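First up is the structure itself, then whatever we jot down about it.
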Amino acid sequence: MDNLLRWRDEFPIIDKTTYLISNSLGAMPRAVYDRLKDYADTWATRGVRAWEEGWWEASAEAGDQIGDLLGAEPGSISIHQNVTLTQAVISSCFDFTGRRNKVVLVDLEFPSIVYFYMEQRRRGARIEMVKNEDGVRVPLGKLLEAIDEETLLVPVSHVIFRSSYLQDARAIIERAHEVGAYVILDVFQSAGTVPFSLRDLEVDFAVGGVLKWLCGGPGVAYLYMRPDLRPKLKPMITGWLAHQRPFDFEVGEIDRTEDSYGMLNGTPQILPVYACRPGLEIIRQAGIENIRAKSVQMTERLIRGAEARGWRVNTPYDPAERGGTVSIDCPHGYEIMRELVARDILVDYRPQAGIRLSPHFYNLDDEIDFALEQIADIVSTSAWERHLQPA
Ligand SMILES: Cc1ncc(COP(=O)(O)O)c(C=O)c1O
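Numbered by this note's numbering, the letters in the sequence shown go through residues -1 to 389 in order.
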């Protein structure tokens, strides 16, 4: 008996669709309805008093709940709006005008992060882009070689969004520390489906969001900074939330706190923080080790099913190199994806990857088989053709 299936009832959308898109947006837990009502009730009845009755600390508490899942020390995570902005806050701790000004990126990185660091060239940053060779993997040797004494930052995804390639974070962090560079590990695509501990990895920074595998909805991104770095690194992007005495409204230079609030700036978002809590609690109870074991088995099933039908798989076959998604690349993938969605099989499509299918702990093997059968049906009946864009 698959114990994880007992959570199915907690996710309303699972009744109505074949939900295989947790790489993009995890299913909403039923309890979010109540949390949203709590938010509205608090605002409506407590008004401005809500700040001192919990709102001020709400995001730090959510940060600790996230930290508990990621093996982070309490008080080490601050909450922001999205991952791109967490990169902005982190990079604002650094000066790119010296000799150590290199940012090492990989060309399979999430594009928003690449756009952001390319712009930092205006502040003196030098970009070294490590190129992939097979569209799936980041060549580890090339990446480690690129990290040298002139490297300042290595912003890198733990799991690559296109191919679900799981990188050797430890090797990257060790190499960076050998030469005095900082690693910003983006765990968006691993947190909640691949077990790891930020503390054990000794990573400098980690960033991610809760909306995918953590079932927490949009609007909550987290920024982890290794606690011993706090006295040393101070973000230029800052504001009154980071002040030791925000309610003294002192004008002048900031007297920054040395806890996670020190990475904050202006008024925090509250509504998404309410919404994220039930998903985080379910993931904690389900257990990421259990989720991973099931994920390996389900992604294996997807790979075998795709292989049997002659479709190309743009995801590593070796589970030790694979996150929770399988990218299946068959001709007319985009149109097939549109038809799958029209049939209530929720998946997505990414160029150079294919149709991304992401089973999570709440899925059934039958749903995987059904999705594969439907792709085969759409191919054999040419049902994808109705989604062709007019030339
Ligand atoms: C690895 C990774 N990083 C970042 C993002 C998104 O960043 P942001 O929160 O800035 O939209 C995604 C979204 O799909 C992602 O897969």
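Glycine included, C-beta positions come from ideal geometry on N, C-alpha and C. This one's a predicted model, so the numbers in the text were calculated from it and none came from an experiment.
Is there at least one non-hydrogen atom of ligand 1 closer than 7 Å to the beta-carbon of residue i?
i	result
GLN187	yes
PHE159	yes
SER155	yes
ILE111	yes
VAL81	yes
GLY190	no
GLY207	yes
ALA167	no
ILE92	Looking at the sequence shown, residue 92 is not Ile but Phe. Not under cutoff, so the answer is no.
GLY219	It should be pointed out that residue 219 corresponds to Ala in this sequence rather than to Gly. Within the cutoff, so yes.
ASP184	yes
PHE108	yes
Leaving aside the five residues before and after residue i along the sequence, list all residues of the same chain whose C-beta is less than 8 Å from its C-beta, in chain order.
i	result
VAL128	VAL102, LEU103, VAL104, ASP105, VAL136, PRO137, LYS140, LEU141 and ALA144
LEU2	ALA284, ASN288, ILE289, LYS292, PHE359 and TYR360
PRO393	With the chain represented from -1 up to 389, any question about residue 393 goes unanswered, as that position is not in the structure.
Only counting the same chain, and skipping five residues up and downstream in sequence, which positions put a Cβ closer than 6 Å to that of residue i?
i	result
TYR180	LEU151 and ASP202
PRO225	GLU71 and SER74
PHE108	PHE159
ALA204	LEU183, VAL185, LEU196 and TYR222
ASN80	ALA219
SER90	PRO233, MET234 and ILE235
What's the C-alpha gap between residue i and residue j?
i	j	result
GLY61	ILE235	20 Å
PRO216	VAL185	16 Å
LYS35	GLY133	45 Å
GLY237	GLN118	21 Å
SER110	GLY277	25 Å
ARG282	GLY207	16 Å
ASP257	ARG310	48 Å
LEU300	ASP367	8 Å
VAL294	GLY331	24 Å
ARG47	PHE247	19 Å
SER161	ALA351	6 Å
ARG243	HIS78	21 Å
THR255	PHE9	39 Å
ARG168	GLY178	15 Å
VAL30	ARG124	44 Å
LYS230	MET296	44 Å
THR149	ILE88	15 Å
GLN387	GLN372	21 Å
ALA273	ALA42	17 Å
SER57	ALA306	47 Å
GLY45	GLY52	12 Å
ILE286	GLU251	43 Å
ALA389	SER378	23 Å
GLU279	LEU362	21 Å
HIS175	ILE343	44 Å
ARG348	ILE64	28 Å
ASP316	VAL157	14 Å
CYS328	GLY308	9 Å
GLY303	SER356	14 Å
ARG97	PRO153	19 Å
ARG33	ASN312	39 Å
Within the present structure, is the beta-carbon of residue i separated from the nearest heavy atom of ligand 2 by less than 7 Å?
i	result
PHE245	Questions concerning ligand 2 fall outside what the structure shown contains, since the ligands it does hold are ligand 1.
Quick one: is residue i buried, meaning 16 or more other Cβ sit within 10 Å of its Cβ, or exposed?
i	result
THR265	exposed
PHE92	buried
GLU131	exposed
SER325	buried
ARG275	buried
LYS100	buried
On the DSSP bridge list, what partners appear for residue i?
i	result
GLY352	ARG348
LYS100	ARG124 and THR149
GLU16	A small fix is needed here, since residue 16 is Thr in this sequence, not Glu. DSSP output for THR16 lists ILE343 as bridge partner(s).
MET223	PHE203
HIS330	According to DSSP, HIS330 bridges with nothing at all.
VAL324	LEU355
HIS241	ARG254
ILE75	TYR222
TYR180	LEU151
LEU164	VAL157
ARG310	ASP327
Which same chain residues end up closer than 7 Å to residue i when comparing Cβ atoms and leaving out the 5 residues on each side of it in sequence?
i	result
GLU337	ILE376, ALA381, TRP382 and HIS385
ARG197	GLY69, ALA70 and GLU71
TRP211	SER20, GLY24, ALA189, GLY190, THR191, GLY322 and HIS358
ARG228	GLU256 and GLY260
ASN263	ILE235, THR236, GLY237, LEU239 and ALA240
ALA374	ARG307
ASP346	ILE19, SER22, MET335 and ARG354
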